[in-house]
Amino acid sequence: MRENWSKELGRIVRFGITGSLSTLIHYGAYLIALIWMVPTIAYTVGYGVGLCVNYVMTTFFTFKEHPSKKNAAGFVASHIVNYLLEIGILNLFLYYGMEKRLAGILVLIVVVPINFLILRFVFVRKQ
């Protein structure tokens with residue numbers, strides 16, 4: 670039991686590192702894209718850039734797995750759900766007048782815990 674707890678804690682810490690780096694890349698790309706694009710499109714561009722970094726880090730670092738068709742499909746499916754959730758929340762914040770740079774940060778804060786649970790389901794096999 671203690672070994673499982675330690676293993677899970679390690680995953681959570683690695684997820685935090687992976688998520689922080691991916692989020693910084695995502696948000697940086699969003700801010701750059703905002704110069705030329707409307708917020709929804711800029712957010713989508715940032716999401717795509719962050720997604721690529723996130724898959725590599727999630728696979729090799731967070732869950733210590735190898736890339737496979739199965740985990741790639743699960744990762745993409747989980748991120749489609751995650752993206753729709755994020756875009757919906759972003760547009761809700763913007764609709765209520767929140768400043769677009771702040772809205773992008775708050776969306777990420779809301780969805781990170783949800784994303785961990787979804788990805789854990791994709792990458793952690795029953796042992």
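Here the sequence shown is numbered in the numbering used here, starting from 670 and rising by one per residue.
C-beta atoms are modelled at their ideal positions from N, C-alpha and C, and glycine is treated no differently.
- Counting the other Cβ atoms within 10 Å of the Cβ of Y765 gives fewer than 16, which makes it exposed.
- Following the DSSP letters along the chain, one finds K739 inside the alpha helix (DSSP H) bounded by residues K738 to Y764.
- In the three-state reduction of the DSSP assignment, F785 falls in the helix class, which pools H, G and I.
- For I704, the secondary structure class from DSSP, reduced to helix, strand or coil, is coil.
- Secondary structure of H695 (DSSP, three-state): helix.
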